[in-house]
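> Counting along the sequence shown from 1, when you hit position 106 you're at 152 in the working numbering, and nothing is skipped either side.
Idealized CB from N, CA, C, for every residue including glycine.
Quantities reported herein were computed from a predicted structural model and do not represent experimental measurements.
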Amino acid sequence: MKTQTPVTAKSGACLITPISRPDWELDNRDVQLLQKIGQGNFGDVYRGVYNGNEVAVKTCRVDMTASDLRRKFLQGETTALNFNHPNIVKLVGIAVQSYPIMIVMEYVPGGSLLNHLRKSKNALPVMKLLQMSLDAANGMMYLEAKNCIHR
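#1: What is the rounded straight-line gap between the Cα of residue 190 and the Cα of residue 129?
#2: Rounded to whole angstroms, what's the CA-CA distance from residue 103 to residue 194? Just pull it up for me.
#3: Can you tell which of 154, 180, 184 and 144 has the C-alpha that lies nearest to the C-alpha of residue 105?
#4: In whole angstroms, what is the alpha-carbon distance linking residue 76 and residue 100?
#5: For the putative contact between residue 93 and residue 81, defined by C-beta atoms under 8 Å, what is the C-beta separation to the nearest angstrom?
#6: Could you tell me the alpha carbon to alpha carbon distance between residue 43 and residue 73, rounded to whole angstroms?
#7: Less than 8 Å separating the beta-carbons of residue 151 and residue 138?
#8: In terms of DSSP beta bridges, what is residue 102 paired with?
#9: Straight-line CA distance for residue 43 to residue 97?
#10: How would you call residue 146, buried or exposed, if buried means at least 16 neighbouring beta carbons within 10 angstroms?
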């Protein structure tokens with residue numbers, strides 16, 4: 047059975063047997079970047095949309111084309127695909143077909159825990175702080191059980 051889509055527009059060649067890709071590998075064209083919400087070591091972080099769902103998207107700077115830098119950017123991310131815990135941000139997938147390389151994750155509104163604590167100053171009730179601490183500890187315990195070192 048032939049595929050209907052040519053491998054490249056230039057060649058027009060179609061594959062007889064399609065090449066499957068891992069479930070976690072996303073098409074960059076399916077990820078829409080909406081608003082820059084932060085910056086990481088390797089690039090910017092955006093609020094975006096993937097398959098109609100609000101997501102967070104880490105991008106890899108375009109100038110990071112060296113394979114070792116790309117490897118560092120993606121290091122551990124494929125392992126995180128297997129994590130499923132209410133206190134761990136879910137990794138949706140990774141778009142690697144074109145630049146920028148994007149790591150697509152569950153979007154957690156409200157920003158980082160550190161920013162939330164700074165904004166609240168000393169206004170949060172003790173029981174809320176205890177629950178937040180317990181949630182963080184449960185997430186860390188889950189990661190430790192999976193032999194994952196959180197950085």
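Let me spell this out:
#1: Taking the sequence shown and counting its residues from 1, the one referred to as residue 190 is at position 144. Taking the sequence shown and counting its residues from 1, the one referred to as residue 129 is at position 83. Computed Cα separation, rounded: 11 Å.
#2: On the sequence shown, position 57 is the one that residue 103 refers to. On the sequence shown, position 148 is the one that residue 194 refers to. Cα to Cα, residue 103 sits roughly 22 Å from residue 194.
#3: Position 59 of the sequence shown, counting from 1, holds the residue named residue 105. Checking every option, the nearest Cα to that of residue 105 belongs to 144.
#4: As a working note, residue 76 is residue 30 in the sequence shown. As a working note, residue 100 is residue 54 in the sequence shown. Roughly 12 Å between the two C-alpha positions.
#5: On the sequence shown, position 47 is the one that residue 93 refers to. On the sequence shown, position 35 is the one that residue 81 refers to. Indeed they touch by this definition, with Cβ atoms about 5 Å apart.
#6: Residue coverage of the chain in this structure runs from 47 to 197, which leaves residue 43 outside it and unanswerable.
#7: Walking along the sequence shown from the start, residue 151 turns up at place 105. Walking along the sequence shown from the start, residue 138 turns up at place 92. Taking 8 Å as the Cβ cut-off, residue 151 and residue 138 qualify as a contacting pair.
#8: Stepping through the sequence shown from its first residue, residue 102 is reached at position 56. Paired residue(s): 93 and 151.
#9: What is shown of the chain runs 47 to 197, which leaves residue 43 out entirely.
#10: If you number the sequence shown from 1, residue 146 lands on position 100. Buried is the call here.
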